[in-house]
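What follows is a set of notes on a single structure, which appears directly below.
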Amino acid sequence: MKRAIIIGATSGLGREIALNLLHTGWLVGIAGRREDLLKEIALSSEFEGRVEYERIDVTTADAIDAVERLVSKLGDIDLFVNVSGVGFQNPTLDPSIEKKTFDVNGYGFMRMVDWAYNYFKGKKRKGQIAIVSSIAGTKPLGTAAAYSATKRMQSHYLTALSQLARMDAVDIQFTDIRPGFAATDILNPNKHYPMMMTKEYAGYLATRAILQKKRVAIIDWKFALLTFFWSLIPRCVWERLTFVKN
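FYI, the numbering for the sequence shown is -10 to 235, going by our numbering.
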């Protein structure tokens, strides 16, 4: 039986990916800050005997210990998925908001994927590391500077680890999921977002990309088309597009 850990599985795409893997027959370890939401999945009779959980805050000193406890409960892992993240619109550049974003999406992210990399390297076995970044990492958004920057960093960090794996001769596959707007808790419920996807639809596409071991997957095709045209816009023009918001 295949085994996976999902960091950030309490809600949104992380929860959807966890449920999809469980429905596919995987043994899944789920982690996040809200223990009550983790228990909802773990105590479901539908998944009896196939779910383990740990409360984890990726920014705290004991986060790695919690991950290792979760792995011990599973016995081993084939797949490590990091979905944990925060996102804020912060046009006033409130430093406390920017710091929280970097703490979770930067430092917390790095700790999780580094642990996974070293786990598979130490075991000398095949594994997969998947992350959920964002299309915001393809072009920065003025109202969400820290979010855009950290999501760009995540994609670049995964590319660096992919290169490092070849240097280390470690058989690790990497998947970067870049969703557009999906109806999850990370979005402001009082705002209108174009081409909004349901979390179930986005989660299905994300899970499929992971199982197919795609290197990069933009979710969905509409956002893939959008980001393609974004890539054609020169920086000097992009910086003058005052209507571009998240």
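Built from N, CA and C at the ideal position, the CB exists for glycine as well.
Quantities reported herein were computed from a predicted structural model and do not represent experimental measurements.
Per DSSP, cross-strand counterpart(s) of residue i
i       : result
ALA171  : MET186
THR164  : ALA119
GLY21   : ARG44
VAL205  : ASP165
ARG(-8) : LEU16
Buried or exposed by the 16-neighbour rule on C-beta atoms within 10 Å, applied to residue i
i      : result
ALA37  : According to the sequence as given, residue 37 is Glu; it is not Ala. Exposed: under 16 other Cβ atoms inside 10 Å.
GLY14  : exposed
ASN94  : buried
PHE237 : Look at the range of the chain in this structure, -10 to 235, and you will see that residue 237 is not part of it.
ASN107 : exposed
LYS202 : exposed
VAL226 : exposed
SER85  : exposed
Nearest to residue i (by Cα), restricted to the options the options
i      : options                        : result
ARG44  : GLY21, ARG4, ILE30, HIS145     : GLY21
ALA133 : ASN79, ASP165, GLY169          : ASN79
GLY169 : ALA138, VAL121, HIS145, THR196 : VAL121
ILE207 : ALA171, ARG229, GLU228, PRO223 : ALA171
LYS113 : ALA154, ILE199, VAL159, THR127 : VAL159
ILE6   : ILE199, TRP210, PHE218, ALA31  : ILE199
LYS89  : THR139, LEU10, ILE19, ALA154   : THR139
HIS12  : ARG23, LEU32, ARG39            : ARG39
THR127 : ASP165, ARG100, MET156, TYR96  : ASP165
TRP104 : ALA135, GLU87, ALA55           : ALA55
ALA52  : ARG100, ASP157, ILE161, ALA154 : ARG100
Beta-carbon contacts of residue i that lie in its chain and below 6 angstroms, excluding the five residues immediately before and after
i        : result
SER137   : ALA125, PRO129, LEU130
GLY3     : ILE(-5), GLY(-3), VAL72
MET(-10) : LEU16
Chain-order list of residues whose beta-carbon lies under 8 angstroms from that of residue i (same chain, five-residue window excluded)
i       : result
LEU230  : ILE222
VAL263  : The question about residue 263 has no answer, for the chain in this structure spans -10 to 235.
ARG(-8) : TRP15, LEU16, VAL17, GLY18, LEU63, GLY64, ASP65, ILE66, ASP67, LEU68
Contacting residues, own chain, Cβ-Cβ under 7 angstroms from residue i (five flanking each side not counted)
i     : result
ASP92 : THR48
Below 8 angstroms, can you find three or more Cβ-Cβ pairs linking the stretch 203 to 222 to the stretch 16 to 35?
no
How do the stretch 144 to 158 and the stretch 191 to 202 stand: do at least 3 beta-carbon pairs fall below 8 angstroms, yes or no?
no
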